[in-house]
Each structure stands twice: as C-alpha cells, then as structure tokens.
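Asks: Pasting a structure here, questions to come.
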Amino acid sequence: MPETAATAQTISSASEQRKSVPVVTVESFFTGHGEKLAMRLEGAPVGFHRKIREPTINRPGLALSGFFSYFAEKRVQVLGAAENTYLKSLSPAV
Numbered sequence: 713m714p715e716t717a718a719t720a721q722t723i724s725s726a727s728e729q730r731k732s733v734p735v736v737t738v739e740s741f742f743t744g745h746g747e748k749l750a751m752r753l754e755g756a757p758v759g760f761h762r763k764i765r766e767p768t769i770n771r772p773g774l775a776l777s778g779f780f781s782y783f784a785e786k787r788v789q790v791l792g793a794a795e796n797t798y799l800k801s802l803s804p805a806v
C-alpha cells in the first residue's frame, strides 16, 4: 500500500509530538498525579529517581499470562482492575 501525503504528515506529526513530551521523574509524576489517579506506593520508593521518557503506557495483561513476543518495556506499565483481578485469581506460589 503506497504511502500518501496525508499518511506521511500524520506520521511526521506523531513523531514531532513524541519529541516534545517533557521528561519527568517517577517521583514528580507520582507526587503530582498519584492522588488524582488513585495510585498508591507498594514498597519503598526505590526507582523514584528514574526518568519517564515514553509518553505512552502499556497494559501488560498478556505478559502476566506468559506471552512475551511483544512487550513494550520502555513504556510505563499500568496494572488496572483487569490485571489485578487476574493476579488475585492465581494460587499462591509454593
């Protein structure tokens, strides 16, 4: 399928938007948005110094079941209700 001018412009626009995304630390994101997003800290704030550079998220449902052929490791991993329900349904490790 040939690339049209509109497709090229959309790709270019998406690339430009991605470049303009500000880099923030995990700590500043958590502090600024944690309450609004109903986030809670589980464990110690060990990785709070790390920088978030990727503007998109990943919902790792398939990865939790063992499928790793495609895994967006540079994205922030978000576990929502579906992922938490799945994890709670598993038997405890022996």
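Residue numbers for the sequence shown follow my numbering, beginning at 713 and rising by one. Using N, Cα and C, we set each Cβ at its ideal position, and we do this for glycine too.
I need the straight-line Cα distance from residue 741 to residue 805, nearest angstrom please.
Replies: Each residue's Cα considered, the two are about 33 Å apart.
Asks: Could you check the C-alpha separation between residue 768 and residue 788 for me, to the nearest Å?
Replies: Cα to Cα, residue 768 sits roughly 7 Å from residue 788.
Asks: So who's on the other strand from residue 738, going by DSSP bridges?
Replies: Per DSSP, none; premise fails for residue 738.
Asks: Could you have a look at residue 713 and say whether DSSP puts it in helix, strand or coil?
Replies: Its pLDDT being 49, under 50, residue 713 is placed unreliably in this model, and the value from its coordinates should be taken loosely. Of the three classes helix, strand and coil, the one that applies to residue 713 here is coil, per DSSP.
Asks: So if DSSP puts residue 770 in a beta bridge, which residue, or which two residues, is it bridged to?
Replies: Per DSSP, 789.
Asks: Considering only the alpha carbon of each residue, which of 772, 738, 744 lies closest to residue 798?
Replies: Out of 772, 738, 744, 772 has the C-alpha closest to the C-alpha of residue 798.
Asks: Count the other CB atoms within 10 Å of the CB of residue 713; is the residue buried (16 or more) or exposed (fewer)?
Replies: At residue 713 the pLDDT is 49, less than 50, meaning the model places this residue with poor confidence; the figure from the coordinates comes in the next sentence. Exposed, because fewer than 16 other Cβ atoms sit within 10 Å of the Cβ of residue 713.
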